[in-house]
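Here's the structure, in structure tokens; my notes come after.
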Amino acid sequence: MSTLDEVTGHPVTVPPQPSVLLNPGPVNVHPRVREALAYPDICHREPEVAALMRDVRSKVTSLCGSTTETHSSVLLTGSGTAALEAAFSSIVPREGRILILDNGNYGERLWRIVDVHGIDHVRLEFGWNNPIDLELVEQTLAADPGITHIGMVQHETSTGMINPVRGVGEIAEGLGRSVAVDAISSLGCEQFDMMVDHVDWCIGTANKCLEGLPGISFVCARRGALEALADVPARTLYLDLYGHYVAQEQNDSPLFTPAVQVLYAFDQALDLALEEGVDGRIARYQSLAARLREGIRALDLEFLLPEEHWSNSVTNVHVPEGVSYADLHDELRERGFTIYGVQAQLGEVFRIANMGQVDAQSIEDFLVALGDVLGSLARGEAVA
Ligand SMILES: *Cc1c(COP(=O)(O)O)cnc(C)c1O
């Protein structure tokens, strides 16, 4: 939004009002993360940036459950989808085939990526809100030895469902297939360990439960698997995972200009994540989610999913009869809270994410605001 400066007459952009972000990323960040954006300007080919990238890569690797002895992480500049596209367009060889497990918007996105790159694939659609059927996965793999890879989402953020990564990992391990997991909205706040879960490729992003700012995403894998990509001809130039790996790992310099300031901010966010520990963060998110869900029950609202599938960070709720999502969103935004919609497939549903630097008091305040707004909207009163 732009307006004219009273003194100079020049157009100025008015900053948005601060808001408690209850959308599933980008999240409210810690002041240390924001302050890192203001570091001095620097050229991306200088040694400080090389050191920064090495640090960020090794911290990310450890958050994926591995160590730099066996694994390496490749950083991409772009939102989570950039890292997904880098991974899924790069890891399947010409003679390979990938099985995509799809039970929501992000499973569908994996399918879109392999489809757009003309990669041989099989898509198992379970339907939105339905869990992944491990028996069907096993049967499909057993019946088709040509399937070399499996792609899945750990936390299907569209519905808020946690998918069984370890279950798929164990099946794949037994049948000698490789697993790539979109852990974009789960890494940092759900149990996940590449080694224990038999995951070969892990894809994550800075601005969800790792609590950084948007603009950096990454792929973590075994060094040997990354090196083997030398034999897979690239399908894209900018998102060629192997090209980025060689640049970052062997040449200690980024392939293209990375979002340096966002990387400095991410480095701070990773330090905060490591200081808190994944278990600490899981406990913090779970306690916020528990309070939120208790308050939602007290308002007689209905959840989209049965409790057994709930993640630690996203709660999907049906918009009550007679209320529109748009009004609900706008009225809550007026009061300083940003909620999120859901892809049309699910009907009138809204999402509340307790990701990022949200404190317990904000959840209490939100529940009060939600009760007030729903009451007024249901009575057909003009609110705000
Ligand atoms: C957010 C998200 C993505 C990536 O979305 P971007 O807008 O590209 O950051 C991918 N997968 C899942 C599960 C997500 O939650």
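Numbering of the sequence shown is given in our numbering, commencing with residue 6 and proceeding in unit increments. Ideal Cβ positions, reconstructed from N, Cα and C, are used throughout, including at glycine. As the structure is a computational prediction, the values presented were derived from the model and not from experiment.
Figure out for me which residue from Leu215, Gly209, Leu231 has the closest Cα to the Cα of Ser222. Comparing Cα positions, the closest option is Gly209.
Alpha carbon to alpha carbon, how far is Leu80 from Glu51? Give it in angstroms, no decimals. Those two C-alpha atoms are separated by around 17 Å.
Return the CA-CA distance between Ser95 and Arg114, expressed in angstroms with no decimal places. Computed Cα separation, rounded: 16 Å.
Report back the beta-carbon spacing between Cys194 and Arg128 to the nearest angstrom; my notes put them in contact at under 8 Å. About 28 Å separates the Cβ atoms of Cys194 and Arg128, ruling out a contact at the 8 Å cut-off.
Over what stretch of residues does the beta strand (DSSP E) that includes Trp398 continue unbroken? Because the chain is modelled from 6 through 389, residue 398 falls outside the range shown and cannot be assessed.
Using only alpha-carbon positions, find the residue among Asp370, Asp332, Arg296 that is nearest to Gly385. Scanning Asp370, Asp332, Arg296 for the CA closest to the CA of Gly385 turns up Asp332.
Is it the case that the CB of Asp107 approaches a heavy atom of ligand 2 more closely than 7 Å? Inclusion of ligand 2 in the displayed structure is not the case, the ligand content consisting of ligand 1 alone.
Runs of beta strand (DSSP E) wholly within the stretch 210–262 (minimum 3 residues, chain order): Runs of the beta strand (DSSP E) inside the stretch 210–262: 221–227.
Going by beta carbon distance, what residues of the same chain come within less than 7 Å of Val328, once the five residues before and after it are set aside? Within the same chain, Val328 has close Cβ partners Leu379, Leu382, Ala383.
Start and end residues, beta strand (DSSP E) containing His334: Premise fails: His334 lies in the alpha helix (DSSP H), 330–339, not in any beta strand (DSSP E).
Please state whether DSSP places Ile176 in a helix, a strand or coil. DSSP places Ile176 in helix when its eight states are reduced to three.
Can you check whether the CB of His203 is closer than 8 Å to the CB of Ala390? Nothing in the structure corresponds to residue 390, since the chain is present only between 6 and 389.
Return yes when the C-beta of Tyr111 is under 7 Å from any heavy atom of ligand 1, and no when it is not. True, at least one ligand heavy atom lies under 7 Å from that Cβ.
By alpha-carbon positions, which one of Phe261, Thr8, Arg289, Leu26 ends up nearest to Ala55? Closest by alpha carbon: Phe261.
Measuring only from the beta carbon, is His411 closer than 7 Å to any heavy atom that is part of ligand 1? Because the chain is modelled from 6 through 389, residue 411 falls outside the range shown and cannot be assessed.
Check for me: the alpha helix (DSSP H) holding Arg298 runs from which residue to which? Counting along the chain, Arg298 sits inside the alpha helix (DSSP H) bounded by residues 283–303.
Taking 8 Å as the cut-off, does the stretch 358–367 touch the stretch 280–299 (at least 3 CB pairs, one atom from each stretch)? Result yes; three or more Cβ-Cβ pairs closer than 8 Å.
Measuring only from the beta carbon, is Arg114 closer than 7 Å to any heavy atom that is part of ligand 1? Yes; taking the cut-off as 7 Å, the Cβ of Arg114 has a heavy atom of ligand 1 nearer than that.
Uninterrupted alpha helix (DSSP H) stretches inside the stretch 8–48 (no shorter than 4 residues): Complete alpha helix (DSSP H) runs here, min 4: 36–40.
Tell me the start and end of each unbroken alpha helix (DSSP H) in the stretch 55–119 that is at least 4 residues and wholly inside, in chain order. Listed in chain order, they are 85–95.
Tell me whether Gly165 counts as near ligand 1, meaning its Cβ is closer than 7 Å to at least one heavy atom of that ligand. No, ligand 1 has no heavy atom inside 7 Å of this Cβ.
Proximity to Cys207 [Cα-Cα], best of Thr343, Ala188, Gly179: When Thr343, Ala188, Gly179 are compared, the shortest CA-CA separation from Cys207 is found for Ala188.
Unbroken beta strand (DSSP E) run spanning Ala358, endpoints: Boundaries of the beta strand (DSSP E) around Ala358: 354–358.
Residue closest to Glu165, alpha-carbon to alpha-carbon, out of Asp257, Val347, Leu304, Gln366: The sequence shown places Gly at residue 165, rather than the Glu named in the question. Taking only the C-alpha atoms, the option nearest Gly165 is Val347.
I need the straight-line Cα distance from Leu104 to Glu40, nearest angstrom please. Just so you know, the alpha carbons of Leu104 and Glu40 end up roughly 42 Å apart.
Secondary structure at Ala188, three-state DSSP: helix, strand or coil? The answer is coil: DSSP assigns Ala188 none of H, G, I, E or B.
Between Val5 and Thr153, how many whole angstroms is the CB-CB distance? I'm expecting something under 8 Å. The first residue shown for the chain is 6 and the last is 389, placing residue 5 beyond what the model contains.
Going by beta carbon distance, what residues of the same chain come within less than 7 Å of Pro259, once the five residues before and after it are set aside? Cβ within range, chain order: His49, Met58, Ala252, Gln253.
Rounded to whole angstroms, what is the Cα-Cα separation between Ala91 and Gly248? Taken atom to atom, the span from the alpha-carbon of Ala91 to that of Gly248 is near 10 Å.
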